[in-house]
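Here's the structure, in structure tokens; my notes come after.
2 protein chains.
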Amino acid sequence: MRRGKPNDPGRRSRILQATLDVIRSDGIGAASYRGIAAHAGVPLGSMTYYFPNLEGLILSALDSTRSDLEPRYAAPLLEARTRADVVDVLVDATIGATSPSLADIRLYEEIRHHGARNPKVAAVLQAVEDDSLVMLNRVLPNRSALAVNALLWGWWSHRLAHPDTVLDELAVRQAYEALVALPASGHPFHNKEQNHV
Amino acid sequence: MRRGKPNDPGRRSRILQATLDVIRSDGIGAASYRGIAAHAGVPLGSMTYYFPNLEGLILSALDSTRSDLEPRYAAPLLEARTRADVVDVLVDATIGATSPSLADIRLYEEIRHHGARNPKVAAVLQAVEDDSLVMLNRVLPNRSALAVNALLWGWWSHRLAHPDTVLDELAVRQAYEALVALPASGHPFHNKEQNHV
DNA sequence: ACCTGGTACGTACGAGTGTACGCACTGGGT
DNA sequence: ACCCAGTGCGTACACTCGTACGTACCAGGT
């Protein structure tokens, strides 16, 4: 065993990755120094060296998911021109190609779950949500953005609770169409534009 | 200390209640035999006597929330005559008088959270969700019911993630109105009825 | 050639956990 | 009067956990 050398340079990030893996598969509650160390193939002493306390490690790992989430619908949303395009992006993010895997949804669930009690995690959670709302606000009236954001999480959460059933695409699509067509705040006139069914 | 006597007859249910209290305030992860025993004012030995293992205790406690959840909008929903009534009930269940407290939402969160990993809890979770969907299906087309159910949870979850901000009632109402007005499956005709803005 | 500061890690401690187990005590049957 | 099944509980064991701490090792300065 060789000590002292400026060893494995990617070790720190490997630990972070292993932390996310463990959280994804077994939850934050199962994220122990020893378990993560075994998963990452590093000795226990390395863990406390790079991350002096466990909470810091977990927070770093959770925070690193922010950059994973953003591209989920950031790019497609910016390209969306009509409201029908926006609906397509949302449907896709809910059940299509750009939608998260069940493991990823579980990971978001972990963040929400711990955010409800731990203020530091709550900050991460709000940051993620705000990123998402900012994206939506660029292409939707504010009320719609809020509702769409809530519904998106509702669908994901539904998938998690019913892993064996698949959501009907038409039901998902029509719901988004209805929300996207909501009038902007303060101006409850009927909008006339491009949401063909 | 008096032993042997058929003691406190309500002890078993007091333990269950204390379990829910602990879970509500500190989460399932903090639900230990010793902590619950202290909270309920019973000795540790009583815990393992009434509930030989911890998982059984937690499952029993979670399952007992089913009867608390149902009346949340069961009765009002059955009285709803028009779709506008349904919207009122939903808005109320989201942010109004019949809406759950943050502590209760946290409790549902706990159930969802553990349901994603523990099959027994998943069964409890699906039962609760199915109860809810059955209620909604009585007064709404099936597609609407699914979307409404997802959105309701989305709103609640939003409240949990943003405890300091209050949801705008009009935004909530309009979103439900849009979903409630969705066409029934297979018949995408425009509906003509009573959803005044 | 010696020292020194920093990196990497092995180990041990104290706190907390679920659960097994055995003893104390009782009310009812004989 | 005795016994005994069953209820209620105190205690201890085996284990896991986060973290503190000492030590081995190396590069670079003097």
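Chains as they are written, first to last, in my numbering: chain Y, 1217 to 1413; chain D, 1217 to 1413.
Beta carbons: idealized from backbone N, C-alpha and C, even for Gly.
Computed from a prediction, not measured in an experiment: that's the story for all the values here.
Determine whether the Cβ of residue i lies closer than 9 angstroms to any Cβ atom of chain Y.
{"i": "R1322/D", "result": "yes"}
{"i": "V1215/D", "result": "Residue 1215/D lies beyond the range of chain D shown here (1217 to 1413); nothing can be said about it."}
{"i": "L1376/D", "result": "yes"}
{"i": "G1312/D", "result": "no"}
{"i": "H1403/D", "result": "For H1403/D, the predicted structure reports a pLDDT of 47, less than 50, and the residue's modelled location is therefore unreliable. The matter cannot be settled from this model."}
Identify, in the order they occur along the chain, each residue of the same chain with its Cβ nearer than 6 angstroms to the Cβ of residue i, setting aside the five sequence neighbours on each side.
{"i": "A1400/Y", "result": "P1357"}
{"i": "A1277/D", "result": "L1232, T1235, L1236"}
{"i": "A1338/Y", "result": "G1331"}
{"i": "N1353/Y", "result": "A1361"}
Which of helix, strand or coil does DSSP assign to residue i?
{"i": "N1334/D", "result": "coil"}
{"i": "H1378/Y", "result": "coil"}
{"i": "G1261/D", "result": "helix"}
{"i": "R1389/D", "result": "helix"}
{"i": "A1253/D", "result": "helix"}
{"i": "L1356/D", "result": "coil"}
{"i": "Y1324/D", "result": "helix"}
{"i": "R1299/Y", "result": "helix"}
{"i": "Y1289/Y", "result": "coil"}
To the nearest angstrom, how far is it from the Cα of residue i to the Cα of residue j?
{"i": "I1239/D", "j": "A1319/D", "result": "10 angstroms"}
{"i": "K1336/D", "j": "V1344/D", "result": "13 angstroms"}
{"i": "A1363/Y", "j": "P1379/Y", "result": "24 angstroms"}
{"i": "E1325/D", "j": "W1371/D", "result": "13 angstroms"}
{"i": "A1391/Y", "j": "L1349/D", "result": "16 angstroms"}
{"i": "D1347/D", "j": "L1294/D", "result": "13 angstroms"}
{"i": "T1281/D", "j": "M1351/Y", "result": "37 angstroms"}
{"i": "E1271/Y", "j": "L1323/Y", "result": "16 angstroms"}
{"i": "L1383/D", "j": "L1367/Y", "result": "14 angstroms"}
Which residues in the same chain as residue i place their Cβ atom closer than 8 angstroms to its Cβ, once the five residues preceding and following it in sequence are excluded?
{"i": "S1262/Y", "result": "R1227, I1231, A1253"}
{"i": "R1328/Y", "result": "L1341"}
{"i": "I1321/D", "result": "W1372, S1373, R1375, L1376"}
{"i": "V1303/D", "result": "R1389, Y1392, E1393, V1396, N1411"}
Beta-carbon of residue i versus every beta-carbon of chain D: anything under 9 angstroms?
{"i": "P1316/Y", "result": "no"}
{"i": "N1365/Y", "result": "yes"}
{"i": "G1370/Y", "result": "yes"}
{"i": "L1270/Y", "result": "no"}
{"i": "S1280/Y", "result": "no"}
{"i": "E1295/Y", "result": "no"}
{"i": "A1394/Y", "result": "yes"}
{"i": "S1373/Y", "result": "yes"}
Cutting at 7 angstroms between CB atoms, please list the residues of its own chain near residue i, excluding the five before and the five after it.
{"i": "L1388/D", "result": "Checking the sequence shown, residue 1388/D turns out to be Val, not Leu. Closer than 7 angstroms at the Cβ level, and outside the excluded window around V1388/D, lie V1307, T1310, I1311, W1371."}
{"i": "G1251/Y", "result": "V1238"}
{"i": "G1243/Y", "result": "E1326"}
{"i": "P1259/Y", "result": "A1253"}
Run the proximity test for residue i: is its beta-carbon closer than 8 angstroms to any non-hydrogen atom belonging to the ligand PLP?
{"i": "A1338/D", "result": "Looking for the ligand PLP in the displayed structure turns up nothing, as the structure carries no ligands at all."}
TODO: Check distances from the C-beta atoms of the stretch 1236-1257 of chain Y to those of chain D and list, in chain order, the residues that come in under 8 angstroms.
DONE: D1242, G1243, G1245: these are the residues of the stretch 1236-1257 of chain Y whose beta carbon lies less than 8 angstroms from some beta carbon of chain D, given in chain order.
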